[in-house]
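If you count the sequence shown from 1, position 249 lands on 249 in full-length UniProt numbering, and the numbers rise without skipping.
Read through the structure below, which is laid out as C-alpha cells, and then see the notes.
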Amino acid sequence: MKPLVYIARELPEEAAEFLEQHCECRYWQGPGDITDAKLAEEVGEAEGLLVTGTPIHEKVLAAGPNLRVVANLSAGYNNLDLQALKERRIVATHTPYVLDDTVADLAMALLLASARRVPELDRLVKAGQWKKGMDAELYGLDVHHKRLGIIGMGRIGEVVARRASLGFEMDVAYYNRRRKPEAEERLGLTYCGLEELLSTSDFVLLLTPLTPETRHLMDEAQFKLMKQNAVFINVSRGETVREEALVKALEEKWIAGAGLDVYEQEPVSPDHPLLRMDHVVTLPHIGSATAETRINMAMSAAKNLVNALTGQSPLDIVPELRPYFL
Ligand SMILES: NC(=O)C1=CN([C@@H]2O[C@H](COP(=O)(O)OP(=O)(O)OC[C@H]3O[C@@H](n4cnc5c(N)ncnc54)[C@H](O)[C@@H]3O)[C@@H](O)[C@H]2O)C=CC1
Ligand SMILES: O=C(O)C(=O)CO
C-alpha cells in the first residue's frame, strides 16, 4: 500500500506526477493559503506532509498521529518547531542548493535596482515626466568597485559574493557565525565584525536564516552604524529586521535606500510606510520564483518526502535534526 501524504500547496505537474507514483496524495483545495489551524484539521492519517512556510508546531503534529516526515518546500525552515519534531521523532527536510543561483540573481537585481533607482525612473518615464537633461537629484549610485557587506555567508551568500566580486569587481566583506578561509581565498573576501561591516559597506545584504539570534539583528543601533550613502538589502526573512527601525533610518536619512524581498508581515500591508518611499525597492518575496527553480524545488521536496517514507535517507534533512536521523 502506498503511504498517504498531505500536500498543503499547489505543485508543478512534474512533482505532482512523481508523488502520485509513490504515494496516495491528498491536496489542500483552498480557498487561499492553508493555515496551521486548517492543516491540523486536514492532516488526519497522513504519514507525510509537504508544506511551504505553514507553521508546524506541536498542535499540528499532535493532530497527525501517523506523521513521519515534514518536507518543507523552501530553503528557510523557520516555520518548523524543531524541538517538537525531534520529540516526536518526525524528520524534516528543506530544499537548499537548487535555488542558490536564482536567489543570488535576485539579490543582485535588488542591489542594482536600488542603486540605480530603476523602478522609480521607470515610473517617471511611464508618467511622461522625462525631461531633456536629467536632474542631478535623480542620479543613482555606482555599484562597481564599491564595498558589499554580506551578513550570513552561507550557500546563497557565497554565490552572491562570486557575482559581486568577479562580475562587478566589488570589494566583498562578510560577517558570519564562523569564518570561511577557503571562500575568502577563492572569492577574495574580507572577514570583519558586524560593526565594522556596517560602518564600512556601501551596500549591506542580509542573508542569514531567521533564528532567535538573528531576530531583529538589524535594529536602530545597527542602521545608525551604516554610512549615510549606503543601501540596505534584505533577502533573508522580514523578522531579521526591526521594520520600525528601518522606516526611521530611511525617513531620517541615516541610510540612502533599501531593497526588500521580505517583510515582518507577508503580504505586506498596502498602507505600510515603506511602500510610500521612492528610495525603497519592494518585491513580493520572489527570491526563488523562476519557473525552472520552482520546479526544481518542488522535485527536491517531493524526493525528500518519498525517500523518508520508503526507508531511504532523505538528502536534505534540516541540519539541526541530522544527528537524530542519520
Ligand atoms: N527571499 C527568498 O526568496 C529566499 C530567502 N532565503 C533565506 O535565506 C536564508 C539563507 O539561505 P542559505 O544561504 O541557503 O542558508 P545557509 O544556511 O547556507 O547560510 C546561512 C549563513 O548564515 C550564517 N548565520 C546563521 N546565524 C548567524 C548569526 N547569528 N550571525 C551571523 N551569521 C549567521 C550561517 O553560519 C550560514 O553561513 C534562508 O534561511 C532563508 O531564510 C532563502 C531562499 C530564498
Ligand atoms: O526558500 C526559501 O527560503 C524562500 O524564502 C522561498 O524560496
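The beta carbon of each residue, even a glycine, is placed where N, CA and C say it ideally should be.
Since the model is a prediction, treat every value here as computed from it, not as a measurement.
Notebook entry, point to check: Pick out every residue whose C-beta is nearer than 5 Å to a heavy atom of ligand 2: which are they, in chain order?
Noted result: Taken from the N-terminal end onward, the list reads SER74, ALA75, GLY76 and SER288.
Notebook entry, point to check: Can you tell me whether DSSP reads GLU158 as helix, strand or coil?
Noted result: Translated into the one-based positions of the sequence shown, residue 158 becomes position 158. Secondary structure of GLU158 (DSSP, three-state): helix.
Next item on the list: Could you tell me whether the Cβ atoms of LEU275 and ALA71 are closer together than 9 Å?
Entry: Here the question's residue 275 lines up with position 275 in the sequence shown. Here the question's residue 71 lines up with position 71 in the sequence shown. In this structure, the beta-carbon distance from LEU275 to ALA71 does not fall below 9 Å.
Check: Quick one: Cα of PHE232 to Cα of ILE151, how far?
Finding: Within the sequence shown, the letter at position 232 stands for residue 232. Within the sequence shown, the letter at position 151 stands for residue 151. Straight-line spacing of the CA atoms in PHE232 and ILE151 works out to 11 Å.
Checklist line | Rounded C-alpha distance that separates ASP171 from ALA164 | finding: By 1-based counting over the sequence shown, the position of residue 171 is 171. By 1-based counting over the sequence shown, the position of residue 164 is 164. Each residue's alpha carbon lies about 8 Å from the other.
Margin query: Could you check whether the Cβ of THR93 sits closer than 8 Å to any heavy atom belonging to ligand 1?
Written below: The count along the sequence shown starts at 1 and reaches residue 93 at position 93. It does not: the Cβ of THR93 is nowhere closer than 8 Å to a heavy atom of ligand 1.
Next item on the list: Take every Cβ of the region 43-55, pair it with every Cβ of the region 242-262, and state whether three or more of those distances are shorter than 8 Å.
Entry: They do not touch, by the three-pair rule.
Next item on the list: Can you check the region 4-37 for any alpha helix (DSSP H) of at least 4 residues that lies completely inside it and give the ranges in chain order?
Entry: Within the region 4-37, the complete alpha helix (DSSP H) runs of at least 4 residues are 13-22.
Margin query: Whether or not the region 118-134 and the region 95-106 are in contact is what I'm after, with contact meaning three or more pairs of Cβ atoms, one per stretch, closer than 8 Å; do they touch?
Written below: Contact fails: fewer than three Cβ-Cβ distances are below 8 Å.
Next item on the list: Under 7 Å Cβ to Cβ from ALA8, same chain only, skipping five residues before and after it: list those, please.
Entry: Working through the sequence shown from its first residue, we reach residue 8 at position 8. Correct list, in chain order: TRP28, ILE34, LEU39, LEU49, LEU50, VAL51 and THR54.
Checklist line | Residues that PHE232 bridges to, as DSSP identifies them | finding: Counting from 1 along the sequence shown, the entry for residue 232 is found at position 232. VAL204 and ALA258, per the DSSP bridge assignment.
Check: Does the beta-carbon of MET153 have 16 or more other beta-carbons within 10 angstroms, so that it is buried, or is it exposed?
Finding: As a working mapping, residue 153 is identified with position 153 in the sequence shown. With 16 or more other Cβ atoms within 10 Å, it is buried.
Check: Once you ignore the five residues that flank ASN229 on each side, which residues in its own chain have a CB closer than 6 Å to its CB?
Finding: Position 229 of the sequence shown, counting from 1, holds the residue named residue 229. Excluding sequence neighbours, ASN229 sits near ALA256.
Check: Can you find a heavy atom of ligand 1 that lies under 8 Å from the Cβ of HIS145?
Finding: Counting from 1 along the sequence shown, the entry for residue 145 is found at position 145. HIS145 Cβ: outside cutoff for every heavy atom of ligand 1.
Next item on the list: Go through its chain and collect everything with a Cβ distance to SER269's Cβ below 7 Å, but skip five positions before and after it.
Entry: Residue mapping note: residue 269 aligns to position 269 of the sequence shown, counting from 1. Excluding sequence neighbours, SER269 sits near nothing in its chain.
Next item on the list: Could you tell me if the beta carbon of THR214 falls within a distance shorter than 8 Å of some heavy atom in ligand 1?
Entry: For this step, residue 214 is matched to residue 214 along the sequence shown. A heavy atom of ligand 1 is found nearer than 8 Å to the CB of THR214.
Checklist line | Whole-angstrom distance between LEU124 and HIS57, CA atom to CA atom | finding: Your numbering for residue 57 matches position 57 in the sequence shown. Your numbering for residue 124 matches position 124 in the sequence shown. Approximately 47 Å between the Cα atoms of the pair.
Check: I think ALA308 touches ARG68, with their Cβ atoms under 8 Å apart; what is that distance to the nearest whole Å?
Finding: Counted from its first residue, the sequence shown places residue 308 at position 308. Counted from its first residue, the sequence shown places residue 68 at position 68. With 8 Å as the limit, ALA308 and ARG68 qualify as a contact, their Cβ atoms being about 6 Å apart.
Notebook entry, point to check: Which ranges would you report for the alpha helix (DSSP H) in the region 101-128 if only whole runs of at least 4 residues count?
Noted result: List check, alpha helix (DSSP H) in window: 118-126.
Check: What is the rounded straight-line gap between the Cα of ILE317 and the Cα of GLY140?
Finding: Start at 1 with the first residue of the sequence shown, and residue 317 comes out as number 317. Start at 1 with the first residue of the sequence shown, and residue 140 comes out as number 140. Just so you know, the alpha carbons of ILE317 and GLY140 end up roughly 43 Å apart.
Notebook entry, point to check: Can you name the residues that DSSP bridges to LEU50?
Noted result: The sequence position of residue 50 within the sequence shown is 50, counting from 1. Under DSSP, the beta-bridge partners assigned to LEU50 are ILE7 and ALA71.
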